[in-house]
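In what follows, a structure is listed as structure tokens, so that the remarks can point back to it.
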Amino acid sequence: MRKTFLRFAAIFIAAAFIFSQLLINSQISDCKKRLKTAQLYLQGLEEIKNLKYFVDTRENLINLIRRGKVPAEGLLKLISAIVPSSIILDEFSLDQSTHIMRLRGIVVLGGDSAAQALADFINALGNSKFIHEANLISSGEAQGKNTFEIECILAQ
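Sequential numbering from 101 applies to the sequence shown in the numbering used here.
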């Protein structure tokens with residue numbers, strides 16, 4: 101009876117050790133999977149960190165370039181919205197360093213109505229938020245066309 105009890109005790113202890121070993125191996129396997137997942141997550145975070153640094157650097161460069169400059173897209177939208185059908189623009193030049201914009205074109209009307217259309221266009225330019233001052237540099241008639249040149253000082 102004593103031998104049987106010792107055998108049962110030995111089998112029970114061996115079974116407990118085997119069960120413990122299996123449980124520990126299962127936990128080790130689970131921890132390895134979690135560690136692998138965490139490493140992938142950290143790798144993804146590192147890539148995101150690098151991308152964020154790249155985007156921030158690019159945004160800083162863009163802001164540095166844009167500082168003190170009038171957006172050309174805004175000027176083009178403004179001009180296309182206020183230019184009357186009686187005026188045809190031939191040339192547009194923009195110097196961001198001096199904040200000067202020049203417009204050259206023709207007025208398809210004749211006489212006083214051409215002067216009035218040009219005056220209204222200059223006033224509309226001067227009243228915009230992008231342009232501080234609009235001045236007529238030259239106007240005249242060449243080859244039967246009323247030509248003009250306007251110089252605008254851009255708002256800063």
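Even glycine gets a Cβ: it sits at the ideal position worked out from N, Cα and C. Bear in mind that the values here come from a model prediction, so they are computed numbers and not experimental data.
Task: Expected contact under 8 Å - CB spacing of isoleucine 250 and leucine 236 to nearest Å - done: Counted from its first residue, the sequence shown places residue 250 at position 150. Counted from its first residue, the sequence shown places residue 236 at position 136. Correct: roughly 6 Å between the Cβ atoms.
Open item on the list: Considering only their Cβ atoms, is the gap separating glycine 226 from alanine 234 smaller than 7 Å?
Closed with: To locate residue 234, count along the sequence shown from 1; it is residue 134. To locate residue 226, count along the sequence shown from 1; it is residue 126. It is a contact, given that the beta carbons lie within the stated cut-off.
Open item on the list: Give me the residue from Ser213, Ile188, Val155 with the minimum Cα distance to leucine 203.
Closed with: Taking the sequence shown and counting its residues from 1, the one referred to as residue 203 is at position 103. Of the listed residues, the one whose Cα sits closest to leucine 203 is Ile188.
Open item on the list: So valine 207 and serine 186 are supposed to be a Cβ contact under 8 Å. How far apart are they, rounded?
Closed with: Here residue 207 refers to the residue found at position 107 when the sequence shown is read from its first residue. Here residue 186 refers to the residue found at position 86 when the sequence shown is read from its first residue. Yes, they are in contact, since the Cβ atoms of valine 207 and serine 186 sit about 6 Å apart, within 8 Å.
Task: Three-state secondary structure assigned by DSSP to valine 155 - done: For the purposes of this step, residue 155 is taken as residue 55 along the sequence shown, with counting starting at 1. Helix, per DSSP.
Task: Residues near threonine 137 by beta carbon distance below 7 Å, same chain, minus five either side - done: Your numbering for residue 137 matches position 37 in the sequence shown. The answer is none, since no qualifying residue turns up.
TODO: Would you kindly check if the distance between the Cβ of phenylalanine 230 and the Cβ of leucine 178 is under 7 Å?
DONE: Mapped onto the sequence shown, residue 178 falls at position 78. Mapped onto the sequence shown, residue 230 falls at position 130. Their beta carbons are under 7 Å apart, which means leucine 178 touches phenylalanine 230 by this criterion.
Task: Cβ shell of leucine 142 (< 6 Å), same chain only, five flanking positions each side left out - done: Looking up residue 142 in the sequence shown gives position 42. Once the five neighbours on either side are set aside, leucine 142 has no close Cβ partner at all.
Open item on the list: Quick check on the DSSP output: the alpha helix (DSSP H) that includes serine 238 runs from which residue to which?
Closed with: Here residue 238 refers to the residue found at position 138 of the sequence shown. It is not in any alpha helix (DSSP H) - serine 238 instead sits in the beta strand (DSSP E) that spans 231-242.
Task: Which of helix, strand or coil DSSP assigns to asparagine 150 - done: The sequence position of residue 150 within the sequence shown is 50, counting from 1. Asparagine 150: helix per DSSP, three-state reduction.
Task: In DSSP terms, what cysteine 252 is bridged to - done: As a first step, residue 252 must be located in the sequence shown, where it is residue number 152. According to DSSP, cysteine 252 bridges with Met201, Ala234.
Task: Three-state class that DSSP yields for asparagine 68 in the structure shown - done: Summary: the structure shown does not reach residue 68, with the chain confined to residues 101 through 256, and so no result is reported for it.
Task: Segment limits, beta strand (DSSP E) that includes glutamate 194 - done: Translated into the one-based positions of the sequence shown, residue 194 becomes position 94. The identity of residue 194 in the sequence shown is leucine, whereas the question assumes glutamate. First-last of the beta strand (DSSP E) with leucine 194: 187-195.
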